[in-house]
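If you count by this note's numbering, then the sequence shown holds residues 47 to 331, one letter each, in order. For reference, the structure discussed in these notes is given below.
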Amino acid sequence: MKRTGIFFTYFQGERLRDFPQALAGILDKENVSYYDAVYNSRDGLYYLEPVSEELLLKVHSPNMVQRVKLTGDYESALYSAGGTVQAADEIRRGKIDNAFVFTSFGDHHAGRNFYGGMCYFNGAALAIAALKERGVKRFAIVDTDSHHADGTRDIFGSDTDVLHICFCHQDYWDNYNNVDVKIPYHTSDKEYLARMRQELIPRAAAFKPEYIFWEFGYDATLGEYGDKGLTRDCHHKLAELIKEAADNVGHGRLITILCGGSGRAIATYTIPRIIDCLAELSKFQ
Ligand SMILES: [Zn+2]
Ligand SMILES: [Zn+2]
C-alpha cells in the first residue's frame with residue numbers, strides 16, 4: 047500500500063460541506079496521514095502550514111500578491127496553496143508517497159502576474175519552485191479541469207523541465223513540453239480515458255518526471271459548469287491511470303490538487319474514491 051497524505055484546509059461554500067466526515071473509514075487507515083489546518087492539537091494529526099510570502103514571491107509578482115491581499119481571501123489562499131507545497135515536501139522527505147490536497151481556491155488560472163476563476167496562487171508552481179531549490183529537476187503537471195490552464199502555462203510555458211499536459215478545449219503542442227488535448231463538448235468516459243492513456247502514459251515514460259502534479263477538476267462532469275458529459279465515475283478511473291503513470295516512472299510521487307467543480311454530491315462521491323485509489327485501500331471495490 048502507498049502512504050497517502052490528505053491535506054485539509056478551511057474552505058468556503060457548499061461543495062466540501064461533507065468533509066472530512068465523508069472520509070470515514072479512510073482517515074483511520076495506518077497508511078493514511080491527515081494534515082489539518084484546524085485541528086493541529088489533536089493526537090495523530092499533522093498541522094497544515096500556509097505558504098510563506100518568501101516562496102510566493104518566487105512565483106508571483108509583488109504587485110499581484112498585494113492585489114490578492116486586498117481581496118479578503120488572502121489567508122485562505124495561503125492555506126490552499128500551502129497544502130500542495132507541504133505535500134511535495136513531505137514526499138521529498140520520504141514521509142508519504144502521494145497526496146490529495148483539498149483547496150478553497152484552485153491553482154491553474156493563477157499566473158505570474160494575474161489571477162482569476164477562483165484561483166489566487168498556483169500551488170503546483172509554488173511546490174515546484176520549492177522542490178527546485180532542493181535539487182529536484184523534472185516535473186509533470188496533468189490537468190483534467192474542464193478549462194485551459196492559462197496560469198500554469200504562463201508560468202511554465204518556456205520551462206523545459208516541466209511537462210504540462212492540459213485537457214481542455216484547444217489543440218496546442220509546443221516542443222513536446224506543452225500539450226493541450228482538445229476534448230470536444232460531449233465526450234464519453236471511455237473516450238476521455240483512452241485519450242488520457244494515449245497522451246499521458248508515453249509522454250510521462252519518456253520525460254521521466256520526478257514528481258507528477260494532477261490538477262483535478264470535476265467541472266467537466268455532467269451537469270457541472272464545464273460539462274463535457276463525463277460521469278462521476280470517470281474521475282477515480284483517471285486517478286488509476288495517472289497513478290499508473292507515476293508508478294511507471296519508478297517512484298509513484300503524485301500530488302492531486304482539487305481544482306474546479308461546484309457540486310457537493312459529486313465531490314462527496316468522487317474524492318473518497320480517488321483517495322482510495324491513491325492509498326490502494328480497495329474500499330470501494
Ligand atoms: Zn475549470
Ligand atoms: Zn489547455
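Yeah, the Cβ is synthetic: ideal placement off N, Cα and C, and Gly gets one too.
| Check | Outcome |
| --- | --- |
| Environment of residue 51 [buried if 16+ CB atoms lie within 10 Å] | buried |
| Exposed unless 16 or more other CB atoms sit within 10 angstroms - verdict on residue 267 | buried |
| Minimum C-alpha distance to residue 232 - residue among 247, 128, 273 | 273 |
| Unbroken stretches of the beta strand (DSSP E), 3 residues or longer, contained in the stretch 153-228 | 185-189, 208-214, 218-220, 224-228 |
| Range covered by the beta strand (DSSP E) that runs through residue 122 | Careful: residue 122 lies outside any beta strand (DSSP E), inside the alpha helix (DSSP H) at 120-138. |
| DSSP-derived helix/strand/coil call for residue 101 | helix |
| Bridge-paired residues (DSSP) for residue 78 | 50 |
| Residues near residue 203 by beta carbon distance below 7 angstroms, same chain, minus five either side | 224 |
| Cβ shell of residue 243 (< 7 angstroms), same chain only, five flanking positions each side left out | 287 |
| Own chain, CB closer than 7 angstroms to residue 238, minus 5 neighbours either side, in chain order | 229, 276, 280 |
| heavy atom of ligand 2 below 8 angstroms from residue 282 C-beta | no |
| Nearest neighbour of residue 255, chosen from 289, 240, 99, 63 [CA to CA] | 289 |
| Cβ pair count under 8 angstroms reaching 3, the stretch 130-145 against the stretch 104-118 | no |
| Straight-line gap, residue 253 to residue 322 (C-alpha atoms, nearest Å) | 27 angstroms |
| Neighbour-count burial assignment, residue 122, 16 or more Cβ in a 10 Å radius | buried |
| Buried/exposed call for residue 183, threshold 16 Cβ in 10 Å | exposed |
| Residue burial classification, residue 164 (beta-carbon count within 10 angstroms, cutoff 16) | buried |
| Cβ-heavy atom distance, residue 143 to ligand 2, below 8 angstroms | no |
| Any non-hydrogen atom of ligand 1 closer than 8 angstroms to residue 212 Cβ | no |
| Residue 317, DSSP secondary structure in three states | helix |
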